[in-house]
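**Student:** Can you keep this structure in mind? I'll have questions shortly.
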Amino acid sequence: MIIKTDDYIIDSSILNEVSISGSMRLPSPLSYDQPFSLIKKSLENCTDTLTVNLTSLEYLNSSGITSLARIIIQARKDNKDMKLIINNSIPWQQKTLLSLKQLWEKLDIESI
Amino acid sequence: MTTFLGNLDESKLKKLKEKVSLSFKMPIDHSKDWEKCSLISNFFADYCVSSFYKKKEIKSILSTIINELIENAMKHSYQDQNEINIFLKNCEKEIIFITENIATNDTANNLIHTLNQLQTKDIESLIINRMKNNLMYNQEQSEIGLLNIIHNFKTSISAKITPIDKTNLNIVEIITRLEHGQ
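So the protein lines, in turn, are chains A and B.
Numbering-wise (this note's numbering), the first sequence opens with residue 1277 and increments by one.
Numbering-wise (this note's numbering), the second sequence opens with residue 7 and increments by one.
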């Protein structure tokens, strides 16, 4: 499934993979429930490590980071493996997303 | 009584505001104007970055910081107040942003609490704990915006809180400094 707006695209059409691109600056963590439902659904259905590719995500505000953290905590509870692919030329990704490993030591983060 | 938090006093703030490079008033109808946070952040970042060498990287950092500051001011503004003010000052070695909004006593006290916590606690732990609490208590707001920009971009944040006579409201000014060295 693909969610496409003027600002961002979330694509979960490939099994065990989700990609998010564009700019996500929604007003609250709750407002991410609908677009991030694709990640949650992919996590429920995954047959292997779920890879979330963020390399084309230019901006994600603190509400979005909190929502992503909620999904990581859920993956830990469900004992599902999860991997984030991040872009080392986007400064906030390097700084913010590496901290998410503190939520779950098994979270795999690949920086490219 | 006016409260100053961080490395700030009245004369420093006055000098900063006298030399503002760019100022902006923004309407705050939360439901209609939210997307303007991002538009204005990108505009301010573009404005600042014109003289920098690594434009793309610095624009990304500035837009991220300014967006969190504007979102913070918007979320914490008293509902009957219909605008926030944003000021920018581009100095030789640092960029300074000031946001100004009207907030209730409770909101102002929460800001004081957060800034005081920074004196004694590890910021990354504070952020992680707030993320966990957000899920545990299904909180409406993330409350990590200011913490993130301090932790990730080594900014320093000061604040001035001025009570408005005969109300339970305050003028809240948040001053953020980012050293750039270019």
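Quick reminder that beta carbons are idealized off the backbone N, C-alpha and C, glycines included.
Please report the Cβ distance between W40(B) and P1303(A), rounded to the nearest whole angstrom; I am assuming they are in contact, meaning their Cβ atoms lie under 8 Å.
**Tutor:** The sequence position of residue 40(B) within the second sequence is 34, counting from 1. The sequence position of residue 1303(A) within the first sequence is 27, counting from 1. Confirmed, about 5 Å.
**Student:** Could you tell me the boundaries of the alpha helix (DSSP H) in which I1286(A) lies?
**Tutor:** Here residue 1286(A) is taken as the residue at index 10 of the first sequence, counted from 1. It is not in any alpha helix (DSSP H) - I1286(A) instead sits in the beta strand (DSSP E) that spans Y1284 to D1287.
**Student:** With burial defined as no fewer than 16 other Cβ atoms inside 10 Å of the residue's Cβ, what is the status of I1286(A): buried or exposed?
**Tutor:** Counting from 1 along the first sequence, the entry for residue 1286(A) is found at position 10. I1286(A) should be labelled buried.
**Student:** Name the chain A residues that come within less than 7 Å of I67(B), Cβ to Cβ?
**Tutor:** As a working note, residue 67(B) is residue 61 in the second sequence. Neighbours of I67(B) on chain A, chain order: P1367.
**Student:** Report the option in L1314(A), I1385(A) and S1299(A) whose CA atom is closest to the CA atom of D1357(A).
**Tutor:** Working through the first sequence from its first residue, we reach residue 1357(A) at position 81. Out of L1314(A), I1385(A) and S1299(A), I1385(A) has the C-alpha closest to the C-alpha of D1357(A).
**Student:** Beta carbon of N182(B), beta carbon of T161(B): below 8 Å?
**Tutor:** As a working note, residue 182(B) is residue 176 in the second sequence. As a working note, residue 161(B) is residue 155 in the second sequence. A small correction: the amino acid at residue 182(B) is Thr; Asn does not occupy that position in the sequence shown. The answer is yes: Cβ separation under 8 Å.
**Student:** Can you tell me the Cα-Cα spacing of S37(B) and K81(B), whole angstroms?
**Tutor:** Counting from one through the second sequence, the residue named residue 37(B) turns up at place 31. Counting from one through the second sequence, the residue named residue 81(B) turns up at place 75. Looking at the two C-alpha atoms, the distance is approximately 11 Å.
**Student:** Look at the alpha carbon of T1325(A) and the alpha carbon of L75(B), and state the distance between them as a whole number of angstroms.
**Tutor:** As a first step, residue 1325(A) is located in the first sequence; it is residue number 49 there, counting from the start. As a first step, residue 75(B) is located in the second sequence; it is residue number 69 there, counting from the start. About 36 Å.
**Student:** What are the start and end residues of the beta strand (DSSP E) that includes D1384(A)?
**Tutor:** Taking the first sequence and counting its residues from 1, one reaches residue 1384(A) at position 108. Its beta strand (DSSP E) spans residues D1384 to S1387.
**Student:** Reducing DSSP to helix, strand and coil, say where Y1308(A) ends up.
**Tutor:** What you label residue 1308(A) is simply residue 32 of the first sequence in a count that begins at 1. Helix.
**Student:** Could you say which of S1288(A), N1364(A) and L1360(A) lies nearest to K1317(A) if we only look at CA atoms?
**Tutor:** Sequence index remark: in the first sequence, residue 1317(A) carries index 41 (1-based). The shortest Cα separation from K1317(A) among S1288(A), N1364(A) and L1360(A) belongs to S1288(A).
**Student:** Are I129(B) and I102(B) closer than 8 Å when you measure CB to CB?
**Tutor:** Taking the second sequence and counting its residues from 1, the one referred to as residue 129(B) is at position 123. Taking the second sequence and counting its residues from 1, the one referred to as residue 102(B) is at position 96. Cβ distance not < 8 Å, so I129(B) and I102(B) don't count as in contact.
**Student:** Could you give the DSSP three-state label for Y53(B): helix, strand or coil?
**Tutor:** Numbered from its first residue, the second sequence carries residue 53(B) at position 47. In this structure, Y53(B) counts as helix in the three-state DSSP scheme.
**Student:** What residues of chain B sit near R1301(A), judged by a beta carbon separation below 9 Å?
**Tutor:** In the first sequence, counting from the first residue as 1, residue 1301(A) sits at position 25. Within chain B, the residues near R1301(A) are W40, E41, C43, S44, S47, N73 and E77.
**Student:** Whose C-alpha, out of A114(B), N96(B) and E89(B), is nearest the C-alpha of K31(B)?
**Tutor:** The count along the second sequence starts at 1 and reaches residue 31(B) at position 25. The residue with the shortest Cα to Cα distance from K31(B) is E89(B).
**Student:** Return the CA-CA distance between Q1350(A) and L22(B), expressed in angstroms with no decimal places.
**Tutor:** Taking the first sequence and counting its residues from 1, one reaches residue 1350(A) at position 74. Taking the second sequence and counting its residues from 1, one reaches residue 22(B) at position 16. Using only the alpha carbons, I get a separation of about 45 Å.
**Student:** Which same chain residues end up closer than 8 Å to D15(B) when comparing Cβ atoms and leaving out the 5 residues on each side of it in sequence?
**Tutor:** Counted from its first residue, the second sequence places residue 15(B) at position 9. Within the same chain, D15(B) has no close Cβ partners at all.
**Student:** In chain order, what are the residue ranges of uninterrupted alpha helix (DSSP H) at least 4 long that sit wholly in the stretch 102-163 of chain B?
**Tutor:** Those alpha helix (DSSP H) runs which fall completely within the stretch 102-163 of chain B and span 4+ residues are 111-126, 129-142 and 151-159.
**Student:** In three-state terms, what does DSSP make of N1364(A)?
**Tutor:** Translated into positions along the first sequence, residue 1364(A) becomes position 88. Looking at N1364(A) - three-state DSSP - the assignment turns out to be coil, as it is neither helix nor strand.
**Student:** Measuring alpha carbon to alpha carbon, tell me which of K61(B), C97(B), K42(B) and S83(B) ends up nearest N73(B).
**Tutor:** Position 67 of the second sequence, counted from the start, is the residue given in the question as residue 73(B). If we check each option's Cα against that of N73(B), K42(B) comes out closest.
**Student:** Quick one: list the residues of chain E neighbouring I133(B), beta-carbon separation under 8 Å, in chain order.
**Tutor:** Of the protein chains in this structure, namely A and B, none is chain E.
**Student:** Run through chain A and tell me which residues come within less than 8 Å of Q123(B), C-beta to C-beta.
**Tutor:** As a first step, residue 123(B) is located in the second sequence; it is residue number 117 there, counting from the start. Here the premise fails: no neighbours, minimum Cβ distance about 16 Å.
**Student:** Indicate the three-state DSSP secondary structure (helix, strand or coil) for G1340(A) in the structure shown.
**Tutor:** What you label residue 1340(A) is simply residue 64 of the first sequence in a count that begins at 1. The answer is helix: DSSP assigns G1340(A) an H, G or I state.
**Student:** Do the CB positions of R1346(A) and W1380(A) come within less than 8 Å of each other?
**Tutor:** Counting from 1 along the first sequence, the entry for residue 1346(A) is found at position 70. Counting from 1 along the first sequence, the entry for residue 1380(A) is found at position 104. Going by C-beta atoms, R1346(A) is not nearer than 8 Å to W1380(A).
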